[in-house]
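What follows is a set of notes on a single structure, which appears directly below.
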Amino acid sequence: MKKILASLFAALLITMVFAGCNGTGKILPAGCGDNPPLDTQGDDNGNLIVPTDEIMELTGGLSVVRNNGDYGFDEFLAQGGASSDSEVVSFLTQNVTSDLESLILGGNHFGCSTLSVKDADGNALFGRNFDWSVCNAMIVQNLPKNGYNSISTVNTDFISMSGMELSSQPDEIQALAGLYAPLDGLNEMGLAVSVNMIQDNATIEQNTDKPDITTTTAIRLLLDKAADVKEAVELLNSYDMHASMGYMMHLAIADRAGNSVVVEYVNNKMVVTETPAVTNFYLAEGEKNGIGTRQSHQRYEILMNRLADSETMEMNDVRDALDSVSKDNFGEFESTEWSIVMNQSTGEVRYYHRENYHNAYVFTVAGGQE
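Residue numbering for the sequence shown follows this note's numbering, beginning at 1298 and increasing consecutively.
Encoded structure:
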């Protein structure tokens, strides 16, 4: 595998490959160009976008790509994981291709909101807002040989190579980097996960005899290996967590049975709290409870009030709930760069870009049919 990938990436600094609406990505028929995304103001479930291994630009700042096969993650776990973003890069350089030695992972604080609820038919739904400044997002459909199929999202502005944005690199490199840096996702077993930041001076640096893992590689671990919340918590508890980018964070995790928790790290101890909504403050009881931004408390109250008003929600209701806590409601410089409504029971995933809640880009974890 190393030789194959090395040959693919050998021209890293001189080859720029772009695949957009005119590429080979299939859209059936919603998508970009002459095929606009689904108008989801009604109840239409929409048409499926089928990714390929060439990056397809859906709209400015949002693209999608598919990965088929091995990307070294089992080997990454077997050799002890990584205790920092730089160690993740070091593993990729030594075990996948040396042409990734200029990869840099990093970013600034971002805000998020998540919501877990069931619809009238008992299907589990999970909603997620990613709040940040204007950025480039990439959706990665992963169809691994040894793991669960999944859909995840990466902010490619958090990743740079040779001083250039990741989007200027060949498709294979962008997909590979995206697999190791997801911020949220859904797998075929119905497990949904999202990382949310907490503005706290503390960070996470567990140091026992367990293997190590970073925030983003932990999300990859859960999407690849965990079928439900119980398995996800057990997996996380078997690793020493190290916060990617050095920031405090917590993980919202939900499964198709309706279980929904937040996993937090208080004084480097993992604490699990049941909750249907997560924003950007600590929910764990104790000394850290409530620490976070004032606005994150407002968003949490809005979501909890919506849940109190209705025992069930449909996918469009979850979309509307995400809209109610998107950044345009608060007059700040940030935007909600993407919103996702996941049907954990059917595998349908709807993306909304930059608070345009009239248009959805629709995917399935299984990948659709070509």
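From the three backbone atoms N, C-alpha and C, an ideal C-beta is built for every residue, glycine too.
Among the residues of its own chain, which have a CB less than 6 Å from the CB of residue i, if the five just before and after it don't count?
i	result
residue 1638	1424, 1612, 1615, 1616, 1647
residue 1475	1435, 1437, 1451
residue 1464	1433, 1453
residue 1575	1411, 1493, 1549, 1559
residue 1590	1496, 1577
residue 1421	1415, 1553, 1555, 1641, 1642
residue 1660	1346, 1448, 1646
residue 1599	1621, 1622
residue 1571	1558
residue 1596	1410, 1576, 1622
residue 1439	1364, 1447
Starting from residue i, trace the beta strand (DSSP E) both ways and give me its first and last residue.
i	result
residue 1562	1557–1563
residue 1355	1353–1356
residue 1410	1408–1415
residue 1452	1447–1452
residue 1645	1645–1650
residue 1586	Run containing residue 1586: none; DSSP gives neither H nor E here.
residue 1365	1359–1365
residue 1509	1509–1511
Taking only three categories from DSSP, how would you classify residue i?
i	result
residue 1378	strand
residue 1346	strand
residue 1662	coil
residue 1580	coil
residue 1488	coil
residue 1470	helix
residue 1504	coil
residue 1384	helix
residue 1629	coil
residue 1575	strand
residue 1535	coil
residue 1431	coil
residue 1552	coil
residue 1480	coil
residue 1496	coil
residue 1570	strand
residue 1544	coil
residue 1634	strand
residue 1420	coil
residue 1610	coil
residue 1392	helix
With residue i as the anchor, note down where its alpha helix (DSSP H) starts and where it stops.
i	result
residue 1655	Unbroken run through residue 1655: none, as it is neither H nor E.
residue 1624	Neither: residue 1624 is in no alpha helix (DSSP H) and is coded neither H nor E.
residue 1523	Neither: residue 1523 is in no alpha helix (DSSP H) and is coded neither H nor E.
residue 1600	1591–1606
Using CA atoms only, rank isn't needed, just tell me which of the options is closest to residue i.
i	options	result
residue 1625	1371, 1418, 1430	1430
residue 1386	1642, 1456, 1365	1456
residue 1408	1581, 1491, 1609	1491
residue 1414	1641, 1656, 1645	1641
residue 1560	1446, 1345, 1530, 1576	1530
residue 1601	1588, 1419, 1622	1622
residue 1345	1358, 1620, 1644	1644
residue 1264	1562, 1484, 1522, 1502	Any question about residue 1264 goes unanswered here, given that the chain covers just 1298 to 1667.
residue 1505	1587, 1609, 1481, 1536	1536
residue 1635	1502, 1480, 1363	1480
residue 1521	1610, 1477, 1658	1477
residue 1366	1418, 1584, 1473	1473
residue 1513	1547, 1350, 1470, 1444	1547
residue 1361	1371, 1369, 1349	1349
residue 1418	1467, 1519, 1532, 1609	1609
residue 1631	1503, 1359, 1592	1592
residue 1445	1606, 1588, 1516	1516
residue 1603	1503, 1628, 1585, 1573	1573
Spatial neighbours of residue i within its chain, please: CB distance less than 8 Å, with the 5 preceding and 5 following residues excluded, ordered by chain position.
i	result
residue 1525	1486, 1487, 1488, 1552, 1553, 1554, 1556
residue 1331	Because residue 1331 carries a pLDDT of 38, less than 50, the predicted location of this residue cannot be relied on, and no value is offered for it.
residue 1633	1426, 1427, 1428, 1619, 1623, 1624, 1625, 1651, 1652
residue 1471	1352, 1362, 1435, 1453, 1463, 1464
residue 1358	1431, 1432, 1433, 1434, 1634, 1650, 1651
Between residue i and the rest of its own chain, which residues show a CB-CB distance below 7 Å, the 5 nearest in sequence each way excluded?
i	result
residue 1511	1379, 1381, 1382, 1385, 1539, 1541
residue 1534	1567
residue 1509	1377, 1378, 1379, 1380, 1536, 1537, 1539
residue 1587	1578, 1579
Would residue i pass as an interface residue toward chain C - the criterion being a Cβ-Cβ separation below 8 Å?
i	result
residue 1571	In the structure shown, chain C does not exist; there is a single protein chain.
*asked:* Does the structure place the region 1565–1574 close enough to the region 1363–1377 that three or more beta carbon pairs sit under 8 Å?
replied: Contact fails: fewer than three Cβ-Cβ distances are below 8 Å.
*Quick check: the region 1349–1357 against the region 1497–1514, are there 3 or more CB pairs under 8 Å?*
Three or more Cβ pairs closer than 8 Å define a contact, and the region 1349–1357 falls short of that threshold against the region 1497–1514.
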